[in-house]
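Down below is the structure, laid out as structure tokens.
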Amino acid sequence: MSRVCELTGKKAMVGNNVSHAMNKTKRRFDANLVKKRFYIPEEDKWVTLKVSTSALKTINKIGISAAIKEAKSKGFLK
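For the sequence shown, our numbering assigns the number 344 to the initial residue and increments by one for each residue that follows.
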């Protein structure tokens, strides 16, 4: 399973490790993802999603139903 947020589409970025001598080596900046269960009262069921922590803050703010609806409209969720 790839490390991609199911609600926002966030995924790993590529960058450099930089030493004091300014030597640069490639590295990955992974998205901060957590696996979380959410209860959807409209469908009366639990759903497990792999979401970024910023998406968790969005869910706390607007609600899980609105967040899923927004993700579906953007094409991140089936």
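Backbone N, C-alpha and C define an ideal beta-carbon position, used for all residues, glycine too.
Burial state of residue i (16 or more Cβ within 10 Å)
{"i": "S416", "result": "exposed"}
{"i": "S362", "result": "exposed"}
{"i": "K353", "result": "buried"}
{"i": "I411", "result": "buried"}
{"i": "A364", "result": "exposed"}
Closest residue to residue i among the options (Cα-Cα distance)
{"i": "A409", "options": "V357, T351, A374 and V347", "result": "T351"}
{"i": "N359", "options": "C348, K353, D373 and R346", "result": "D373"}
{"i": "C348", "options": "L399, K400, V394 and G418", "result": "V394"}
{"i": "S397", "options": "N375, R380, F381 and Y382", "result": "N375"}
{"i": "K369", "options": "V377, R380, A355 and K378", "result": "A355"}
{"i": "S345", "options": "A364, K378 and N366", "result": "K378"}
For residue i: DSSP bridge partner residues
{"i": "G322", "result": "What is shown of the chain runs 344 to 421, which leaves residue 322 out entirely."}
{"i": "T368", "result": "N360"}
Beta strand (DSSP E) runs wholly inside the segment 383 to 411, at least 3 long, in chain order: Contiguous beta strand (DSSP E) elements confined to the segment 383 to 411 occur at 388 to 395, taking only those with 3 or more residues.
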